[in-house]
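Participant: For the protein sequence lines, the chains are A and B, in the order given. Residue numbers for the first sequence follow this note's numbering, beginning at 8 and rising by one. Residue numbers for the second sequence follow this note's numbering, beginning at 8 and rising by one. Positions of the beta carbon are idealized from the N, C-alpha and C atoms, including for glycine.
Protein chains: 2
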Amino acid sequence: MRERSQPKRPRPGAREKLLEASFALIREKGYSATPVDELCAKAGVTKGAFFHHFQSKDALAVAAANCWSEVSRALFQTAPYHKQRDPLYRVLGYLDFRKALLKGEVAEFTCLVGTMVQEVYGTHAEIREACEASISGHAAMVEADIAEAMKVYGVRAKWSAQSLALHTQAVLQGAFILAKAKGGPDVAAASIDHLRRYIELLFKVRTGRKRLLTGPQALCGYIARSSSTPKASASCVWG
Amino acid sequence: MRERSQPKRPRPGAREKLLEASFALIREKGYSATPVDELCAKAGVTKGAFFHHFQSKDALAVAAANCWSEVSRALFQTAPYHKQRDPLYRVLGYLDFRKALLKGEVAEFTCLVGTMVQEVYGTHAEIREACEASISGHAAMVEADIAEAMKVYGVRAKWSAQSLALHTQAVLQGAFILAKAKGGPDVAAASIDHLRRYIELLFKVRTGRKRLLTGPQALCGYIARSSSTPKASASCVWG
DNA sequence: ACAGTCAAACCGACTAGTCGGTATGTTACA
DNA sequence: TGTAACATACCGACTAGTCGGTTTGACTGT
Numbered sequence: 008m009r010e011r012s013q014p015k016r017p018r019p020g021a022r023e024k025l026l027e028a029s030f031a032l033i034r035e036k037g038y039s040a041t042p043v044d045e046l047c048a049k050a051g052v053t054k055g056a057f058f059h060h061f062q063s064k065d066a067l068a069v070a071a072a073n074c075w076s077e078v079s080r081a082l083f084q085t086a087p088y089h090k091q092r093d094p095l096y097r098v099l100g101y102l103d104f105r106k107a108l109l110k111g112e113v114a115e116f117t118c119l120v121g122t123m124v125q126e127v128y129g130t131h132a133e134i135r136e137a138c139e140a141s142i143s144g145h146a147a148m149v150e151a152d153i154a155e156a157m158k159v160y161g162v163r164a165k166w167s168a169q170s171l172a173l174h175t176q177a178v179l180q181g182a183f184i185l186a187k188a189k190g191g192p193d194v195a196a197a198s199i200d201h202l203r204r205y206i207e208l209l210f211k212v213r214t215g216r217k218r219l220l221t222g223p224q225a226l227c228g229y230i231a232r233s234s235s236t237p238k239a240s241a242s243c244v245w246g
Numbered sequence: 008m009r010e011r012s013q014p015k016r017p018r019p020g021a022r023e024k025l026l027e028a029s030f031a032l033i034r035e036k037g038y039s040a041t042p043v044d045e046l047c048a049k050a051g052v053t054k055g056a057f058f059h060h061f062q063s064k065d066a067l068a069v070a071a072a073n074c075w076s077e078v079s080r081a082l083f084q085t086a087p088y089h090k091q092r093d094p095l096y097r098v099l100g101y102l103d104f105r106k107a108l109l110k111g112e113v114a115e116f117t118c119l120v121g122t123m124v125q126e127v128y129g130t131h132a133e134i135r136e137a138c139e140a141s142i143s144g145h146a147a148m149v150e151a152d153i154a155e156a157m158k159v160y161g162v163r164a165k166w167s168a169q170s171l172a173l174h175t176q177a178v179l180q181g182a183f184i185l186a187k188a189k190g191g192p193d194v195a196a197a198s199i200d201h202l203r204r205y206i207e208l209l210f211k212v213r214t215g216r217k218r219l220l221t222g223p224q225a226l227c228g229y230i231a232r233s234s235s236t237p238k239a240s241a242s243c244v245w246g
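Shown next, in the form of structure tokens:
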């Protein structure tokens, strides 16, 4: 239902504002500890609007996870590292990009779906599935580059492109937990460095990072600072 | 209806039972979503007993995190891999041991403090600190072996033993999140495999795992099955 | 141009139930 | 007789969700 692609945008969109508020609040306080009233307050919207757009708080969580998938897909697909011709450089550039995103408050760079799935995996199947889809979908994007790199570099191994892609996500999620525990992004950055080193070793790229970054299309390591925190955009109405 | 056990209460220890119940429930449902009443029910104890032993729910969380530190310290210090003479084998054996612990339900092998800190890092400073201490303390144990291995193997590197130790914890915590998202331990095991391969590469141990495991003191890979899930013991009264 | 119609969007007081926490016992034992 | 260790009843605050009503704006017929 909802008939989402209507040519008219009747309202500034309480729905979008609620999704955006959920990004901030759930990452900051967790899902269970975030009351509906507070989501409404942050979004500048009333409770009536909330339950007009979402059947329940859980339904919002599912929508938020789906929206997160779309927003992050958009962010990473348009990121500059993605234009690298060498697929391995795309993989390493991806990690540099992730590292560059570790700025500001912890809640601003951590992962919504990773936070949520941790809390609800055993009690809210639908939310868990939406989070799983988000993580797996993101991993699939990385997997494509890894698989291509394996071909180009002639890497034959016991590990699969998929398992390595999932491993990158595990490292990132774990790095976020350590960042939360320690109160800052430094540990997370160090962990990404280790992951990068691992991938270099797997592909036998012994050169230091510098050389990788000064290649002809050296777009890997830089920051699209303007959008370090993915925002819910109006285009993210479903997912 | 109460009348629930022997009128004699020699010293069954409501406190210990509550801590043990918190291990199970918080790992299963998260901290915020675990009501005090349910903790009491699981522990077979009344609410009065709860607030007799803990000033607040938050105080229980701090105690649980400290208890977790002690229980896991005891578990890993007595684990067989720890007797390896070669420090590198201890590190790799640690990973094999962690992998072997990935049995049963997800809530039975995931980390209490990792789960908790994710939820409360921004709102409950004392709990966060207790979780941080638990993770860092555990990492320090791994760090000692890594540092020794670096000496023995003459490894000089940009990375420190500490950062690699923290990285192992990041991988494990992240592996737990993926396991929660996917509903089983397989992804987590694969991620530990990648971490193991990384460390082998760092130490230039090119031999396959088999050879490592068939060495003279090949205790690395086995399971202390009887205690895969750390239990709160009576000795864990404070921490 | 304009009154009428309709449905979606939105509002906010209200409720039923849950939550963490307390007040006041009761029991076992030193 | 005192004290630690419980047990039970209860409280006020909070929470997700409801419901009757109002606003908004697109569309229609005249």
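Beta-carbon of lysine 36 of chain B versus every beta-carbon of chain A: anything under 8 angstroms?
Facilitator: Sequence index remark: in the second sequence, residue 36 of chain B carries index 29 (1-based). At least one chain A Cβ lies under 8 angstroms of lysine 36 of chain B.
Participant: Taking alanine 137 of chain A as part of the alpha helix (DSSP H), name the residues at either end of that continuous run.
Facilitator: Here residue 137 of chain A refers to the residue found at position 130 of the first sequence. 132-159 is the span of the alpha helix (DSSP H), which, as asked, contains alanine 137 of chain A.
Participant: Can you look up lysine 24 of chain A in the DSSP assignment and give me helix, strand or coil?
Facilitator: Looking up residue 24 of chain A in the first sequence gives position 17. Helix at lysine 24 of chain A.
Participant: May I ask you to report which of helix, strand or coil DSSP gives glutamine 6 of chain A?
Facilitator: The structure shown does not extend to residue 6 of chain A, since chain A spans only 8 to 246, so no value can be given for it.
Participant: Report the residues of the segment 151-181 of chain A with a CB closer than 8 angstroms to any CB of chain B, ordered along the chain.
Facilitator: Listed by position along the chain: Trp166, Ser170, Leu171, Leu173, His174, Gln176, Ala177, Val178, Leu179, Gln180 and Gly181.
Participant: Would you say leucine 46 of chain B faces chain A, with C-beta separation under 8 angstroms as the test?
Facilitator: Here residue 46 of chain B is taken as the residue at index 39 of the second sequence, counted from 1. Chain A, which has no Cβ nearer than 8 angstroms to the Cβ of leucine 46 of chain B, makes this no.
Participant: Give the secondary structure of glutamate 77 of chain B by DSSP, where H, G and I count as helix, E and B as strand, and everything else as coil.
Facilitator: Within the second sequence, the letter at position 70 stands for residue 77 of chain B. DSSP places glutamate 77 of chain B in helix when its eight states are reduced to three.
Participant: Using three-state DSSP, classify glutamine 169 of chain A as helix, strand or coil.
Facilitator: Position 162 of the first sequence holds residue 169 of chain A. Note: glutamine 169 of chain A maps to helix in three-state DSSP.
Participant: When you compare the segment 96-105 of chain B with the segment 204-213 of chain B, are there three or more beta-carbon pairs, one atom per stretch, that lie closer than 8 angstroms?
Facilitator: Touching, yes, given that three or more Cβ pairs across the two stretches are closer than 8 angstroms.
Participant: Quick one: grab the DSSP three-state call for lysine 217 of chain A.
Facilitator: Here the question's residue 217 of chain A lines up with position 210 in the first sequence. Only weak support exists for where lysine 217 of chain A lies, its pLDDT of 42 falling under 50; the value from the coordinates is given anyway. Correct three-state label for lysine 217 of chain A: helix.
Participant: Answer with yes or no whether the minimum CB distance from glutamate 133 of chain B to chain A is below 8 angstroms.
Facilitator: For this step, residue 133 of chain B is matched to residue 126 along the second sequence. No, because no Cβ of chain A sits closer than 8 angstroms to the Cβ of glutamate 133 of chain B.
Participant: At a Cβ threshold of 8 angstroms, is serine 63 of chain B touching chain A?
Facilitator: As a first step, residue 63 of chain B must be located in the second sequence, where it is residue number 56. With 8 angstroms as the cut-off, serine 63 of chain B does not count as an interface residue toward chain A.
Participant: From tryptophan 75 of chain B to alanine 137 of chain B, what does the alpha carbon distance come to, in whole angstroms?
Facilitator: Taking the second sequence and counting its residues from 1, the one referred to as residue 75 of chain B is at position 68. Taking the second sequence and counting its residues from 1, the one referred to as residue 137 of chain B is at position 130. When rounded, the distance between both Cα atoms is 10 angstroms.
Participant: Could you name the residues of the same chain whose beta carbon sits closer than 8 angstroms to that of valine 32 of chain B, not counting the 5 residues immediately before and after it, in chain order?
Facilitator: As a working note, residue 32 of chain B is residue 25 in the second sequence. Per the sequence shown, the amino acid found at residue 32 of chain B is leucine instead of valine. Excluding positions up to five away in sequence, the list reads Thr41, Glu45, Leu46 and Lys49.
Participant: Ordered along the chain, which non-local residues of its own chain (more than five positions away) have a Cβ less than 7 angstroms from that of lysine 217 of chain A?
Facilitator: In the first sequence, residue 217 of chain A corresponds to position 210, counting from 1. Below a pLDDT of 50, predicted positions are generally treated as unreliable, and lysine 217 of chain A, at 42, falls in that range; the measurement from the model is reported next regardless. So the list is empty, once near-sequence residues are dropped.
Participant: Under 7 angstroms Cβ to Cβ from histidine 60 of chain B, same chain only, skipping five residues before and after it: list those, please.
Facilitator: Locating residue 60 of chain B in the second sequence gives position 53, counting from the first residue. Once the five neighbours on either side are set aside, the close Cβ partners of histidine 60 of chain B are Ala21, Arg22 and Leu25.
Participant: Compute every distance between the C-beta of glycine 55 of chain B and the non-hydrogen atoms of the ligand SAM, then say whether any falls below 7 angstroms.
Facilitator: Inclusion of the ligand SAM in the displayed structure is not the case, the ligand content being empty and no account of it being possible.
Participant: Starting from the beta carbon of isoleucine 142 of chain A, find every residue of chain B whose beta carbon is closer than 9 angstroms, and list them in chain order.
Facilitator: Numbered from its first residue, the first sequence carries residue 142 of chain A at position 135. Chain B residues near isoleucine 142 of chain A: Ile184, Leu185, Ala188 and Lys189.
Participant: Does the Cβ-Cβ distance between valine 178 of chain A and isoleucine 199 of chain A come in under 8 angstroms?
Facilitator: The residue labelled residue 178 of chain A in the question sits at position 171 within the first sequence. The residue labelled residue 199 of chain A in the question sits at position 192 within the first sequence. Yes, Cβ-Cβ distance for valine 178 of chain A and isoleucine 199 of chain A is below 8 angstroms.
Participant: Taking the CB atoms as reference points, tell me whether glutamine 176 of chain A and leucine 185 of chain B lie closer together than 8 angstroms.
Facilitator: Position 169 of the first sequence, counting from 1, holds the residue named residue 176 of chain A. Position 178 of the second sequence, counting from 1, holds the residue named residue 185 of chain B. Taking 8 angstroms as the Cβ cut-off, glutamine 176 of chain A and leucine 185 of chain B qualify as a contacting pair.
Participant: Got a sec, what are the start and stop residues for the alpha helix (DSSP H) histidine 201 of chain A sits in?
Facilitator: By 1-based counting over the first sequence, the position of residue 201 of chain A is 194. Residues 193-209.
Participant: With a threshold of 7 angstroms on Cβ separation, who are the neighbours of valine 43 of chain A within its own chain once the five nearest residues in sequence on each side are excluded?
Facilitator: On the first sequence, position 36 is the one that residue 43 of chain A refers to. Around valine 43 of chain A: Lys54, Phe57 and Lys64.
Participant: From the DSSP output, in three-state form, read off cysteine 118 of chain B for me.
Facilitator: Start at 1 with the first residue of the second sequence, and residue 118 of chain B comes out as number 111. Note: cysteine 118 of chain B maps to coil in three-state DSSP.
Participant: Let me know if valine 69 of chain B comes out buried or exposed under the rule of 16 or more other beta-carbons within 10 Å of its beta-carbon.
Facilitator: For the purposes of this step, residue 69 of chain B is taken as residue 62 along the second sequence, with counting starting at 1. Label assigned to valine 69 of chain B: buried.
Participant: Return the CA-CA distance between phenylalanine 116 of chain B and proline 192 of chain B, expressed in angstroms with no decimal places.
Facilitator: If you number the second sequence from 1, residue 116 of chain B lands on position 109. If you number the second sequence from 1, residue 192 of chain B lands on position 185. Distance between the alpha carbons of phenylalanine 116 of chain B and proline 192 of chain B: 9 angstroms.
Participant: For the alpha helix (DSSP H) holding aspartate 44 of chain A, just list the boundary residues, first then last.
Facilitator: Here residue 44 of chain A refers to the residue found at position 37 of the first sequence. Element bounds for aspartate 44 of chain A: 43-50.
Participant: Assuming alanine 196 of chain A and leucine 109 of chain A form a contact by the criterion Cβ under 8 angstroms, report the distance between their Cβ atoms to the nearest whole angstrom.
Facilitator: Here residue 196 of chain A is taken as the residue at index 189 of the first sequence, counted from 1. Here residue 109 of chain A is taken as the residue at index 102 of the first sequence, counted from 1. Indeed they touch by this definition, with Cβ atoms about 6 angstroms apart.
Participant: Pairs of beta-carbons, one from the segment 149-168 of chain B and one from the segment 117-137 of chain B, closer than 8 angstroms: are there three or more?
Facilitator: Short answer: they don't touch.
Participant: Considering only C-alpha positions, which residue in the set B:Val162, B:Asp103 and B:Gln180 is nearest to leucine 119 of chain B?
Facilitator: Sequence index remark: in the second sequence, residue 119 of chain B carries index 112 (1-based). When each option's Cα is compared against that of leucine 119 of chain B, the closest is B:Gln180.
Participant: Which residues in chain B have a C-beta closer than 9 angstroms to the C-beta of leucine 67 of chain A? List them in chain order.
Facilitator: Locating residue 67 of chain A in the first sequence gives position 60, where the first residue counts as 1. What leucine 67 of chain A touches in chain B: nothing, since even the nearest Cβ is about 16 angstroms away.
Participant: Which whole-angstrom value is the C-beta distance of threonine 122 of chain A and arginine 34 of chain A, which I expect to be below 8 angstroms?
Facilitator: Here residue 122 of chain A refers to the residue found at position 115 of the first sequence. Here residue 34 of chain A refers to the residue found at position 27 of the first sequence. With a Cβ gap of about 6 angstroms, threonine 122 of chain A and arginine 34 of chain A count as contacting.
Participant: List, in order along the chain, the chain A residues whose C-beta lies closer than 9 angstroms to that of leucine 208 of chain B?
Facilitator: Residue mapping note: residue 208 of chain B aligns to position 201 of the second sequence, counting from 1. Residues of chain A passing the Cβ test: Arg204, Tyr205, Leu208 and Leu209.
Participant: Taking the straight line between their C-alpha atoms, what separation do you get for glutamate 112 of chain B and glutamate 207 of chain A?
Facilitator: Within the second sequence, the letter at position 105 stands for residue 112 of chain B. Within the first sequence, the letter at position 200 stands for residue 207 of chain A. Going from the Cα of glutamate 112 of chain B to the Cα of glutamate 207 of chain A covers about 35 angstroms.
Participant: Shorter than 8 angstroms from the beta carbon of alanine 114 of chain B to some beta carbon of chain A?
Facilitator: For this step, residue 114 of chain B is matched to residue 107 along the second sequence. Cβ-Cβ to chain A under 8 angstroms: yes for alanine 114 of chain B.
Participant: Using DSSP with H/G/I as helix, E/B as strand and the rest coil, what is leucine 185 of chain A?
Facilitator: Translated into the one-based positions of the first sequence, residue 185 of chain A becomes position 178. Helix.
Participant: Note down, in chain order, every chain B residue with its Cβ under 8 angstroms from the Cβ of cysteine 138 of chain A.
Facilitator: On the first sequence, position 131 is the one that residue 138 of chain A refers to. Residues of chain B passing the Cβ test: Ala188.
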